[in-house]
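**Q** Take a look at the following structure, please.
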Amino acid sequence: MNGQTTVTVGFESNADIVYDTFEITIKSVFDENPHPVRDYWKGLSEDFGDIAMEAPLAYWSFESIEAIEKTTMANWRFDSAPEPSGRILESPNASISIQDWYKVFFDAAGSVRVQSSRFLELSPDITIGGSKPREALEQYTLVFDIKTKYGQPNPLLNTLNSESRDRSEVWLSPVGAVGGQREYSSIGSLKPGLWYRVIYIVDLVQGLRKYYVDFDNKLNQVVPENQKERHKMGQHGFKVGFDELSSNQNYELKKIVLYDYPFSEEQAEFIGFNGYEELGDQQSKGNDSEAVVSLIAPSSDDEWESKPGIILYSTSPVSTTWNIQQSRDLITWEQTGLIEAEAADETGGVGFLEIETLFDDASMFYRAKASE
96 MNGQTTVTVG FESNADIVYD TFEITIKSVF DENPHPVRDY WKGLSEDFGD IAMEAPLAYW
156 SFESIEAIEK TTMANWRFDS APEPSGRILE SPNASISIQD WYKVFFDAAG SVRVQSSRFL
216 ELSPDITIGG SKPREALEQY TLVFDIKTKY GQPNPLLNTL NSESRDRSEV WLSPVGAVGG
276 QREYSSIGSL KPGLWYRVIY IVDLVQGLRK YYVDFDNKLN QVVPENQKER HKMGQHGFKV
336 GFDELSSNQN YELKKIVLYD YPFSEEQAEF IGFNGYEELG DQQSKGNDSE AVVSLIAPSS
396 DDEWESKPGI ILYSTSPVST TWNIQQSRDL ITWEQTGLIE AEAADETGGV GFLEIETLFD
456 DASMFYRAKA SE
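Laid out in structure tokens, this is it:
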């Protein structure tokens, strides 16, 4: 339990009441008990049945300071197991670039914020049988419980390989798409302000990278032979939120889970469905406003490309049409275009309008109005 409260302390002295009020910060008391992890991470689920899958190689939870302290030391166990799933570490296998988890921990959401130039560095043990080292993983799966915002590119995974040590391999684009190296899923694959489970599958034996958002396969990429080294995961670990050309990222994380094998379609859908159920109301509730509008600046990079325009997220569960208007005096408004926010589920819909001149005139204002 973490948080803040106020306490008033007083006593009577010579018939006078003497008292004062203090603000107290409550922090979790660390104990040696392992952090509990739900059994579905190893294929056991009362809600969706059981499937064959090996347990994860590493598990990190950022849902509380206590969870961070324990899972970064590999002190976690499955609900059905009395003991930790592996050897307890002598030093943490995850750290934050500013060296203080309290500065990035968001108690209200049970998450850590990856903002500005901050990033996470994770160093899982990829040895075989705890002794014989393997140089790198050519097949693996990473699972992220993540909430993002629109407007800027968000670097997600940097494998720290020498060919691209300063560049991220996986990105969340400014318009809610996931991918990398200029190949992305559809706009609005992730909507702003909602929790999603992003599943990233690497199978360099087959030459493929796959991306799932919850239980939906959003993108498959062929990995050319000359790019395979870049996507291997080595003994040096990996970074989350790091790219030398990007310092304005803005997203939150609840969990990161690593498997040392590529998920099958069945396994990806199983973990995705369980994530959708676990995140609950946070998964299906949007903002109180009817629409969230973000301006997208033009940009071009080896990893991603953004066209100038307006992206709109409507929280309505049905498709809606929005008029985009512009004005210089906030009195007279002119029609610029229409955005059709196509709702695929109960979380609403997303639409994009490209405007080449969006940033040419600093005195121009824009607004969105629902069509009658």
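Counting with this note's numbering, you get residues 96 to 467 for the letters of the sequence shown.
C-beta atoms are modelled at their ideal positions from N, C-alpha and C, and glycine is treated no differently.
For residue 242, write down the residues that DSSP places opposite it in a beta bridge.
**A** According to DSSP, which records beta bridges pairwise, residue 242 is partnered with 290, 347.
**Q** With a cut-off of 8 Å on the beta carbons, I'd call residue 297 and residue 235 a contact; round off their distance for me.
**A** 5 Å between Cβ atoms; contact.
**Q** For residue 344, is the classification buried or exposed, using 16 other Cβ atoms within 10 angstroms of its Cβ as the cut-off for buried?
**A** Residue 344 is buried by the Cβ-count criterion.
**Q** If I'm right that residue 245 touches residue 209 with Cβ under 8 Å, what's the distance once you round it to whole angstroms?
**A** Wrong, their Cβ atoms sit about 15 Å apart, outside the cutoff.
**Q** Can you name, in chain order, every residue of its own chain whose Cβ lies under 6 Å from the Cβ of residue 205, other than the five neighbours on each side?
**A** Taken in chain order, the residues that qualify are 158.
**Q** Since I believe residue 146 is in contact with residue 362 (beta carbons under 8 Å), could you give me their beta-carbon distance rounded to a whole number of angstroms?
**A** Right, their Cβ atoms sit about 7 Å apart.
**Q** Which class does residue 166 belong to by DSSP, given the choice of helix, strand or coil?
**A** Helix at residue 166.
**Q** Can you tell me whether residue 199 is buried or exposed, with buried defined as 16 or more other CB within 10 angstroms of its CB?
**A** So residue 199 counts as buried.
**Q** Find out if the Cβ-Cβ distance for the pair residue 258, residue 325 is shorter than 9 Å.
**A** For residue 258 and residue 325, yes; Cβs fall inside 9 Å.
**Q** For residue 326, which of helix, strand or coil comes out of DSSP?
**A** DSSP places residue 326 in helix when its eight states are reduced to three.
**Q** In the DSSP assignment, find the alpha helix (DSSP H) that holds residue 362 and state where it starts and stops.
**A** Residue 362 -> alpha helix (DSSP H) spans 360-374.
**Q** Quickly, what does DSSP pair residue 449 with across the bridge? List them, please.
**A** DSSP output for residue 449 lists 404 as bridge partner(s).
**Q** Starting from residue 131 and walking both ways along the beta strand (DSSP E), at which residues does that stretch end?
**A** That run of the beta strand (DSSP E) goes 130-132.
**Q** Check whether the segment 420-430 and the segment 387-401 are in contact - that is, three or more C-beta pairs closer than 8 Å.
**A** No contact exists between the segment 420-430 and the segment 387-401.
**Q** Should the segment 307-324 be regarded as contacting the segment 186-199, the criterion being three or more beta carbon pairs within less than 8 Å?
**A** Segments in contact, no.
**Q** Any idea what DSSP makes of residue 256, helix, strand or coil?
**A** If DSSP states are grouped into helix, strand and coil, residue 256 belongs with coil.
**Q** Just to confirm, are residue 310 and residue 364 a CB contact at a threshold of 9 Å?
**A** Yes, Cβ-Cβ distance for residue 310 and residue 364 is below 9 Å.
**Q** Taking C-beta to C-beta, are residue 170 and residue 127 nearer than 9 Å?
**A** Yes, they are a contact pair.
**Q** If residue 144 and residue 250 are in contact, beta carbons under 8 Å, what's the gap, nearest whole angstrom?
**A** Actually they are not in contact, since the Cβ atoms of residue 144 and residue 250 sit about 36 Å apart, beyond 8 Å.
**Q** For residue 256, which residues from the same chain have a beta carbon less than 7 Å from its beta carbon, with the 5 sequence-adjacent residues on both sides left out?
**A** Hits under 7 Å: 324, 325, 327, 329.
**Q** Out of 388, 331, 287, 320, which one is the CA nearest neighbour of residue 81?
**A** The structure shown does not extend to residue 81, since the chain is modelled only from 96 through 467, so no value can be given for it.
**Q** According to DSSP, is residue 417 part of a helix, a strand, or is it coil?
**A** Residue 417: strand per DSSP, three-state reduction.
**Q** Alpha carbon to alpha carbon, what distance is there between residue 452 and residue 438?
**A** Using only the alpha carbons, I get a separation of about 28 Å.
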